[in-house]
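S.K.: Please find one structure pasted underneath; my questions will follow.
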Amino acid sequence: MGAASRLLVDVSGLSELLPTTAITVRFNPQEVIEPPLQVRWTSPLLVRATVQYGGREFIVSGRVSGEAERLCSRCLSPFIWNIDVPLNAEYRRVQAAVTDAAEGPAPEVVVGPEGEYLMTGDRLDLLPVVEEALVLASPIQAYCRPDCGGLCPVCGQNLNEGACGCRVEEGDPRLSALARWLQQAGDGRPVDSR
Ligand SMILES: [Zn+2]
Ligand SMILES: [Zn+2]
Numbered sequence: 031m032g033a034a035s036r037l038l039v040d041v042s043g044l045s046e047l048l049p050t051t052a053i054t055v056r057f058n059p060q061e062v063i064e065p066p067l068q069v070r071w072t073s074p075l076l077v078r079a080t081v082q083y084g085g086r087e088f089i090v091s092g093r094v095s096g097e098a099e100r101l102c103s104r105c106l107s108p109f110i111w112n113i114d115v116p117l118n119a120e121y122r123r124v125q126a127a128v129t130d131a132a133e134g135p136a137p138e139v140v141v142g143p144e145g146e147y148l149m150t151g152d153r154l155d156l157l158p159v160v161e162e163a164l165v166l167a168s169p170i171q172a173y174c175r176p177d178c179g180g181l182c183p184v185c186g187q188n189l190n191e192g193a194c195g196c197r198v199e200e201g202d203p204r205l206s207a208l209a210r211w212l213q214q215a216g217d218g219r220p221v222d223s224r
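Heads up, our numbering is the position in the sequence shown plus 30, with the first residue counted as 1.
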């Protein structure tokens, strides 16, 4: 879909006679949506929604779904985040007081006093709504699996891949010195995964 930085939906066909339409949009979130913390976009997302005309406003309700990559909050390993997020928004058509020219980019999205999105033409932009829904749906803490063992606080080993032999509880200074030595000498590959 080119370099479009918007998800424009033409609603000019909606009227009292035909108040509802269903839309399906597949788009690539990379470069158009800032990923939530610890998330990396890896594949297209799908928006399925209905748009309902209510005189002056358009009600959008549906879902955005797809997959992204996320880092586990405990072991820092990437895992698949299955996205299936509700999408609800209201758009209100207002007079084009500050319009752009007929050519050129679409006008900036403005949010009205009740959280509704203001639109001036016949197209509404789903992008800010999708972005907000994704950010809200992304938990601050997420785990690769419910029983993720995390990383050993001493040597940094991913404990899902096996025990490391460190004895965390002991306060024996000789052990922590040993652990430090192991960390320096061992296979301490960087935890940074990208
Ligand atoms: Zn994990
Ligand atoms: Zn360890």
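Even for Gly, the Cβ is constructed at its ideal location relative to N, Cα and C. Just so you know, these numbers come straight off a predicted model, no measurement behind them.
Using DSSP with H/G/I as helix, E/B as strand and the rest coil, what is Thr129?
M.R.: Position 99 of the sequence shown holds residue 129. At Thr129, the pLDDT of 48 sits below 50, so the modelled position is not reliable and the matter cannot be decided from this model.
S.K.: Taking 6 Å as the limit, tell me which residues put their C-beta closer than that to any heavy atom of ligand 2, in chain order.
M.R.: Listed along the chain, these residues meet the criterion: Cys182, Val184, Cys185, Gln187, Cys194, Cys196.
S.K.: What first and last residue would you give for the beta strand (DSSP E) that runs through Glu120?
M.R.: Along the sequence shown, read from residue 1 onward, the residue named residue 120 stands at position 90. It spans 108-123 - the beta strand (DSSP E) in which Glu120 sits, taken as one unbroken run.
S.K.: Among Cys194, Gly151, Cys196, which residue has its Cα nearest to the Cα of Gln125?
M.R.: Taking the first residue of the sequence shown as position 1, residue 125 is located at position 95. Gln125 has its Cα closest to that of Gly151, out of Cys194, Gly151, Cys196.
S.K.: Kindly give me the distance between the Cβ atoms of Pro74 and Gly96, rounded to whole angstroms, as I take these residues to be in contact under 8 Å.
M.R.: Mapped onto the sequence shown, residue 74 falls at position 44. Mapped onto the sequence shown, residue 96 falls at position 66. The Cβ separation is near 6 Å, so the contact holds.
S.K.: Could you tell me which of Cys185, Asn118, Arg175, Glu161 sits nearest to Cys102, measuring between CA atoms?
M.R.: By 1-based counting over the sequence shown, the position of residue 102 is 72. Cys102 has its Cα closest to that of Arg175, out of Cys185, Asn118, Arg175, Glu161.
S.K.: Leaving out five residues before and five after Arg86 in sequence, what residues of the same chain have Cβ atoms less than 8 Å from its Cβ?
M.R.: Residue mapping note: residue 86 aligns to position 56 of the sequence shown, counting from 1. So the qualifying residues of the chain are Arg122, Arg123.
S.K.: Give the secondary structure of Ala98 by DSSP, where H, G and I count as helix, E and B as strand, and everything else as coil.
M.R.: One-based indexing of the sequence shown puts residue 98 at position 68. Correct three-state label for Ala98: strand.
S.K.: Buried or exposed: where does Trp211 fall if 16 or more other Cβ atoms within 10 Å of its Cβ makes it buried?
M.R.: By one-based count along the sequence shown, residue 211 stands at place 181. Trp211 comes out exposed.
S.K.: Taking the alpha helix (DSSP H) that Gly165 falls in, what are its first and last residues?
M.R.: Here residue 165 refers to the residue found at position 135 when the sequence shown is read from its first residue. First, the amino acid is wrong: residue 165 is Val here, not Gly. From DSSP, the alpha helix (DSSP H) with Val165 extends over 157-167.
S.K.: Would you identify the three-state DSSP class for Leu154, choosing helix, strand or coil?
M.R.: Indexing the sequence shown from 1 puts residue 154 at position 124. If DSSP states are grouped into helix, strand and coil, Leu154 belongs with the strands.
S.K.: Can you tell me where the beta strand (DSSP E) with Val62 in it begins and where it stops?
M.R.: Position 32 of the sequence shown, counted from the start, is the residue given in the question as residue 62. Premise fails: Val62 is in no beta strand (DSSP E) and is neither H nor E.
S.K.: Tell me whether Arg104, by its Cβ, gets closer than 6 Å to a heavy atom of ligand 1.
M.R.: For this step, residue 104 is matched to residue 74 along the sequence shown. Yes, Cβ of Arg104 sits closer than 6 Å to a heavy atom of ligand 1.
S.K.: Of all the options Leu67, Arg70, Thr80, Glu61, which has the alpha carbon lying nearest to the alpha carbon of Ala52?
M.R.: Numbered from 1 along the sequence shown, position 22 holds the residue referred to as residue 52. Residue Thr80 is the option with its Cα nearest to Ala52.
S.K.: The beta strand (DSSP E) with Arg294 in it runs from where to where?
M.R.: With the chain covering 31 to 224 only, the question about residue 294 has no answer from this structure.
S.K.: Considering only their Cβ atoms, is the gap separating Gly92 from Leu76 smaller than 7 Å?
M.R.: Residue numbering aside, residue 76 sits at position 46 when the sequence shown is read from its first letter. Residue numbering aside, residue 92 sits at position 62 when the sequence shown is read from its first letter. No, they are not a contact pair.
S.K.: Under the three-state reduction of DSSP, which class applies to Leu38: helix, strand or coil?
M.R.: Position 8 of the sequence shown, counted from the start, is the residue given in the question as residue 38. DSSP places Leu38 in strand when its eight states are reduced to three.
S.K.: What whole-angstrom Cβ distance do Arg100 and Val69 have, given they're in contact under 8 Å?
M.R.: Residue 100 sits at position 70 when you count from the first residue of the sequence shown. Residue 69 sits at position 39 when you count from the first residue of the sequence shown. So it is a contact: roughly 5 Å between Cβ atoms.
S.K.: Count the other CB atoms, across all protein chains shown, that sit within 10 Å of the CB of Thr129; report buried if there are 16 or more and exposed otherwise.
M.R.: For the purposes of this step, residue 129 is identified with residue 99 of the sequence shown, where counting begins at 1. For Thr129, the pLDDT reaches just 48, beneath the cut-off of 50, and the residue's location in the model is therefore unreliable, although a value from the coordinates is still provided. Classification of Thr129: exposed, given that the 10 Å Cβ count is below 16.
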